[in-house]
Structure formats: structure tokens, C-alpha cells
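S.K.:
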Amino acid sequence: MAKLGKRTRAAREAFVGKENLTVEEAVALIKGSSNTKFDETVEIAMNLGIDPRHADQMVRGVVGLPNGTGKDVRVAVFARGPKADEAKEAGADIVGAEDLMEIVQGGKIDFDRCIATPDMMPVVGRLGKVLGPRNLMPNPKVGTVTMDVAAAVKAAKGGEVQFKAEKGGVVHAGVGKVSFDEAKLVENIRAFIGAVAKARPAGAKGSYMQKIVLCSTMGPGVSVSVDKAVSE
């Protein structure tokens, strides 16, 4: 087994015996234990009592974090004519149609969010095998297939986060940076937990939220009390 470095050992020791904390306690612990040379992302992972293989148990949605993600999100938009111009004016990083499709097919995916107008979906549909596994496929359920491309671009740039249950019923996302004030991180985390709670599918039976864990990019995870997080 590889020998742990001093920083890793110190971080793990700080977390020993600390579990089922409040959101505030977890955020304070993560911020106090971070000592990397870069601004780490604070991440959340939620284990849900669902089986995403069943359509009536899939959890998917979008939430606007009140204090943003702290990340510079690159947005690609599939659109033509006036809608393409709207996307560019709204701040989209990449705008195109068939030309953009060819770029993506060639393996160059230099963006974090993909938006499309409805008329472009026959073109975008050809990229399902490329964009789907990366959770980049535009979808009307999360507002990325829309005629209001300007609003969608601004939302993506402003801190909107998409979430989707993965195999095993786990939902995870970045909810801010370690450099954020504790209050802002707590507000973002509560907003995300609330959105996932509201997205409970009709097919979910029994306990829905089973475990919540917070961590920084390079730090260990700490469990948050589900009851306290949902009731706060």
C-alpha cells in the first residue's frame, strides 16, 4: 500500500470520529482542513434509495445555486440564424450547427454544457453516443433544449447545476469552492439537497435519501445527517 503524505494523513486524522454532522459543521471542517495550493471544489454525493434502471425511479433535474459554482462554465449552443446570434450575445463560448457537430464527432469537446434549439435536435441526436456518456446531451427536462437560448446560456454561466442519478442511485455535483464563505457554501448545499428532495420519483419506495457525503477535491469525505440536512 502506498505511503500517505503528511497532508493526507493530517486531513484524515481531522475527520476521524466525525460523522452525521450538520451542514454547517461539515463545511467548517472541510474549509479548516483544506491546505492545497489551488482552490478546491466542494463536492456533494447523495446515495438515494432508487434503482435508476427503472424509468419511474430516475432522478434528474437542475438547480440554480444561489452563490454560483465558482467555476468558469464553457457553453456550446447548437443553433442557426438569429438564435445563434442570441447565443453569442448571451456569452456562449461555442455556437454552430453541422459544423459544430463535425467538431464534436472528431473528438473535440471543449465545453461543459450543451444547449440546442428544438430544430437542431435531429443534428444533435447523431451525437448521442458521444455526448450521452458525458451527461452533455441537451434535454428539455433540464432546460437545455429551448428556443430561449439566451436565458439558458446565462443560467449555465450563472451557477446552474444539472444532476442525474448514476448507476447505484448516486447523485453528485460540485457546489462551490473552498474559498467561498461558509454561509454561501451552506446555502448552495441546502439548495442542492432541496432540489434533489423535490425530484423524488413516483417509483421510489421507502427511504429516499439514504446518505449524504461532502468533501473537497483532494480531501476525505464527511457524512452529513440526512434528517438535519433535509429539515433545516
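In this note's numbering, the protein residues as written are 1 to 232. Note that CB positions come from ideal geometry on N, CA and C, so glycine has one too. Here the structure is a predicted model, which means the values were calculated and not measured.
#1: Since residue 186 sits in a beta bridge, which residues does DSSP pair it with?
#2: Does the Cβ of residue 216 have 16 or more other Cβ atoms within 10 Å, making it buried, or fewer, making it exposed?
#3: According to DSSP, is residue 211 part of a helix, a strand, or is it coil?
#4: Do residue 149 and residue 115 come within 7 Å of each other at the CB atom, strictly closer than that value?
#5: Which residues in the same chain as residue 27 place their Cβ atom closer than 6 Å to its Cβ, once the five residues preceding and following it in sequence are excluded?
#6: Could you say if the region 51–67 and the region 33–43 meet the contact criterion of at least three C-beta pairs nearer than 8 Å?
#7: From the DSSP output, in three-state form, read off residue 225 for me.
#8: On the DSSP bridge assignment, give the partners of residue 41 in chain order.
#9: Starting from the Cα of residue 157, find the closest Cα among 98, 54, 74, 109 and give me that residue.
#10: Identify, in the order they occur along the chain, each residue of the same chain with its Cβ nearer than 8 Å to the Cβ of residue 30, setting aside the five sequence neighbours on each side.
#11: Return the chain-ordered list of same chain residues with a C-beta closer than 6 Å to the C-beta of residue 83, the five sequence neighbours on each side being excluded.
#12: Taking DSSP as the reference, what is the three-state secondary structure of residue 196?
#13: Report the residue ranges of all alpha helix (DSSP H) runs contained in full by the region 130–178; include only those spanning at least 4 residues, in chain order.
#14: Pick helix, strand or coil for residue 124, following the three-state DSSP scheme.
#15: Taking 7 Å as the threshold (C-beta atoms), are residue 46 and residue 189 in contact?
M.R.: In short:
#1: None, per the DSSP bridge assignment.
#2: buried
#3: strand
#4: yes
#5: 182, 185, 186
#6: no
#7: coil
#8: 177
#9: 74
#10: 42, 178, 214, 215, 216, 219, 222
#11: 117, 149
#12: helix
#13: 149–157
#14: helix
#15: no
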